[in-house]
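Encoded as structure tokens, the structure appears first; notes follow it.
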Amino acid sequence: MEAIVTTKGLCKAYGTHFAVDGLDMLVPQGCVYGFIGPNGAGKSTTMKLLLGLATPSAGSITLMGTPLDRKGRLGLLRQTGSLIESPACYAHLSAQANLEIVAGLKDVPRTDISRVLEIVHLEKDRNRKVGQFSLGMKQRLGIAQALLGNPRLLILDEPTNGLDPAGIQEMRALIAAMPRLCGATVLVSSHLLGEMEQMVEQVGIINHGRLLFQGPLTQLQQHSRGNISLRVLDAAKAEAVLQASGITPTHEKGELILPPLRDEYLAELARTLADKGAGLVGLRIQTKSLEDIFLGLTAAQSAPAAPEGKAV
Amino acid sequence: MIKRCLVAENQKLHGAAVWLAFLIVPIFPAVMGTFNYQQNIALLQSAWYSLWTQHTLFYATFFFAPLVGVYAAYLWRLEHFGHNWNLIMAVPIHPIDLFLAKFLVVFKVTLLTQGWVFLLFFAAGKLVGLPGLPPAEIVVWLLRGTVGSVPVIALQLLLSMRIRSFAVPVLVALGGSVGGLLMNSAGYGLYCPYSLPLLGMNANANSDKLTGETFAFLASVAAFTLLFFALAQFFLTKRDVNAE
């Protein structure tokens, strides 16, 4: 799988504060990559670095196989669409005129305007002044601007920020469909993991400028396998069985708590417990929500203990 | 690339509030100048030339550079608003072309302003009963003033690019043109960018102040313009974009 975005040891310092600190990022082609972290984690700064809006203090960036430097920048920008911080627009002009300006600057034929307006459902409002638009409509206009010219890479910074629930839902569906609709790879940031769950395939979790996890969402979800709690009639017998299997359970509210186990192994264990007369009446897997994993990862960063999962 | 930028900048001016300033501001110095002319009619014996001295006394000294400043500030204000800096710096355009496009647009509006000022001057002359047409020399001075405004346009664009405030660069222009007047009286006009439009327009003078100095005038215009473009290039390429 070809990488669309690769960064190596990317750093951005403001004075002595590192907003981005040794980032090794990899965005595979054709996916929606969720860039997740609390506010101030370095998401916007990273995206600005990827667009050349800010210059790195150290490290390198490669987009679509070409290094991002003064020589390569304009060529790369031609294949990139972006929406950073909030939608940019000229409020005294119509949506159509705004898109004409951007199309002109990007050297994209004006015929492309109808296509992008259709994608973001703004065809009917094309002649209205953008100053009268709601935030959700402005946000969609921002996406339309980014989509002009069919870029291979879309960089969207918190595109659901400030939207109402319906708007968020619509934006999610729009973003999730981008690779299919436009063949673009999407890098999208958010401070809400739950929001991302429904539209991304790859995730990168960032905090204090460092990447804590990077990989497929499914891999992150595997970390959500939690402890197993058992309710038995005879705790002493159960404990003996568990000890014999090399498991030391802990006690919590009258239940036995076991570490995460493979399904096959767990089934076998349940049968043994029943056979030995421990009286197994309840078995529950304490799943962790993605929010918990996220909080676990970001909290673990400040503690010396190694974070769960494939920490990077 | 510059053509694409130019089309975009022209489009940004459609229905823009700045045209109100374009229409209204030159009326003030025209009224003030004409009133002054009528009050001192006994002393002012050179007909159209005398009226010109009174018009430019106000227009060139107090209104022209600030008005150019307003044009420049308006064009950058559009980018300071929202997060438009992120947009214009993330399109495949050399940033200096964007600056050049803004420069050409402000120059165009300035040229149109001079045309509007000439119409007001002509109307005022007819209103106070001056005979015939204004001398062609006045048109030359207006155009030469526009040439003199080139470094002022570049400087105002540079200031408004770096300063988010709309008013501060316009006030700098006002201070600058008063300073420019003083520099002119001291004979150092060619060393001050704000003096150049005054010299070009022959502000408040009956006879041509620039006789035999055309080359020095043009050299000063070119030198200041190059300097301000070089500074713009520096800021646009060496500094991070900071959209707020």
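These protein sequence lines are chains A and B, in that order. Going by this note's numbering, the residue at position 2 of the first sequence is 2; the numbering climbs one at a time, nothing skipped. Numbering-wise, this note's numbering comes out as the position in the second sequence, counting from 1, plus 312. Where a beta carbon is used, it is the ideal one built from N, C-alpha and C, also for glycine.
Residues of its chain near residue i, where Cβ-Cβ distance is below 6 Å and the 5 sequence neighbours each way are ignored
i        : result
Phe529/B : Leu522
Leu589/B : Residue 589/B is absent from the model: chain B starts at 313 and stops at 556.
From the options, residue whose alpha carbon lies closest to that of residue i
i        : options                                : result
Leu192/A : Phe35/A, Val27/A, Lys8/A               : Phe35/A
Ile353/B : Arg389/B, Val533/B, Gln366/B           : Gln366/B
Phe133/A : Leu220/A, Phe18/A, Ala95/A, Ala166/A   : Ala95/A
Phe536/B : Tyr506/B, Lys550/B, Asn516/B, Thr549/B : Tyr506/B
Ala144/A : Glu195/A, Arg262/A, Thr80/A            : Thr80/A
Asn514/B : His326/B, His392/B, Tyr361/B           : Tyr361/B
Leu295/A : Gly209/A, Gly37/A, Gln286/A            : Gly37/A
Leu211/A : Ala3/A, Glu2/A, Gly9/A, Lys124/A       : Gly9/A
Ala333/B : Gly381/B, Leu469/B, Val464/B, Lys414/B : Gly381/B
Thr218/A : Gln202/A, Arg231/A, Ile101/A, Leu23/A  : Gln202/A
Leu297/A : Phe213/A, Ala13/A, Asn150/A, Leu174/A  : Phe213/A
Ala19/A  : Arg271/A, Asn207/A, Gly226/A, Pro67/A  : Asn207/A
Ile113/A : Leu147/A, Met137/A, Lys129/A, Gln139/A : Leu147/A
Tyr265/A : Ile228/A, Leu233/A, Ala236/A           : Ile228/A
Phe411/B : Leu467/B, Ala377/B, Gly441/B           : Leu467/B
Arg126/A : Gly277/A, Cys182/A, Leu99/A, Leu63/A   : Leu99/A
Leu483/B : Pro378/B, Leu325/B, Val343/B, Ile314/B : Pro378/B
Leu548/B : His406/B, Ala328/B, Ser497/B           : His406/B
Asp21/A  : Ala166/A, Cys11/A, Ala176/A, Leu49/A   : Cys11/A
Pro447/B : Ser497/B, Ser461/B, Ser519/B           : Ser519/B
Leu373/B : Ile339/B, Leu494/B, Thr425/B           : One point to set straight first is that residue 373/B is Thr, not Leu, in the sequence displayed. Comparing Cα positions, the closest option is Leu494/B.
Residue-chain proximity (residue i, chain B), Cβ-Cβ < 8 Å
i        : result
Ile143/A : no
Glu344/A : For residue 344/A there is no data in the structure shown, the boundaries of chain A being 1 and 312.
His92/A  : yes
Ser57/A  : no
Ser82/A  : yes
Leu74/A  : yes
Cys11/A  : no
Lys106/A : yes
Arg262/A : no
Arg78/A  : yes
Ser86/A  : yes
Cys89/A  : yes
Ile285/A : no
Leu314/A : Because chain A in this structure spans residues 1 to 312, residue 314/A falls outside the shown range and cannot be described.
Ile293/A : no
Ile228/A : no
is_contact[residue i, chain A] using C-beta, thresh 8 Å
i        : result
Cys504/B : no
Arg316/B : yes
Lys324/B : yes
Val417/B : no
Ile264/B : With chain B covering only 313 through 556, there is no way to say anything about residue 264/B.
His392/B : no
Ala544/B : no
Met401/B : yes
Gly327/B : yes
Asn514/B : no
His572/B : There is simply no residue 572/B to check, as chain B begins at 313 and stops at 556 in what is shown.
Val337/B : no
Val319/B : yes
Asn398/B : yes
Other residues of its chain near residue i: CB distance less than 8 Å, five sequence neighbours each side excluded
i        : result
Leu335/B : Trp428
Arg73/A  : Gly52
Lys124/A : none
Ala544/B : Ile408, Phe411, Ala466, Leu469, Leu470, Met473
Cβ neighbours of residue i in the same chain (closer than 7 Å, five flanking residues each side left out)
i        : result
Ala274/A : Leu280
Leu83/A  : Gly142, Ile143, Ala146, Leu156, Asp157, Pro159
Cys182/A : Leu147, Asn150
His92/A  : Lys129, Gly131
According to DSSP, residues forming a beta bridge with residue i
i        : result
Pro67/A  : Thr62/A
Pro378/B : DSSP lists no partner for Pro378/B.
Ile257/A : Ser229/A, Thr250/A
Arg284/A : Ser229/A
Tyr33/A  : Leu187/A, Gln202/A
Thr365/B : According to DSSP, Thr365/B bridges with nothing at all.
Phe18/A  : Ala13/A
Val27/A  : Val5/A
Thr80/A  : Leu153/A
Val94/A  : Sequence inspection shows Ser at residue 94/A; the Val mentioned does not correspond to that position. Its beta-bridge partners are Lys129/A.
Residue i: CB within 7 Å of a non-hydrogen atom of the ligand GDP
i        : result
Phe434/B : Ligands are entirely absent from the displayed structure, and the ligand GDP is therefore not among its contents.
If you scan the segment 404-452 of chain B from start to end, which runs of the beta strand (DSSP E) of 3 or more residues do you find wholly inside it?
-> DSSP runs (the beta strand (DSSP E)) wholly in the segment 404-452 of chain B: none.
Just list the beta strand (DSSP E) runs in the segment 183-231 of chain A, keeping only unbroken ones of 3 residues or longer that don't cross its boundaries, in chain order.
-> Whole beta strand (DSSP E) segments, 3+ residues: 185-190, 202-207, 210-216.
Considering only residues of the segment 462-533 of chain B, which uninterrupted beta strand (DSSP E) runs meet the minimum length of 3 residues and lie entirely inside it, listed in chain order?
-> None, since the segment 462-533 of chain B contains no complete beta strand (DSSP E) of that length.
Alpha helix (DSSP H) segments (min. 4 residues) lying fully within the segment 121-189 of chain A = Entirely contained in the segment 121-189 of chain A, the alpha helix (DSSP H) runs reaching 4 residues are, in chain order, 135-147, 165-182.
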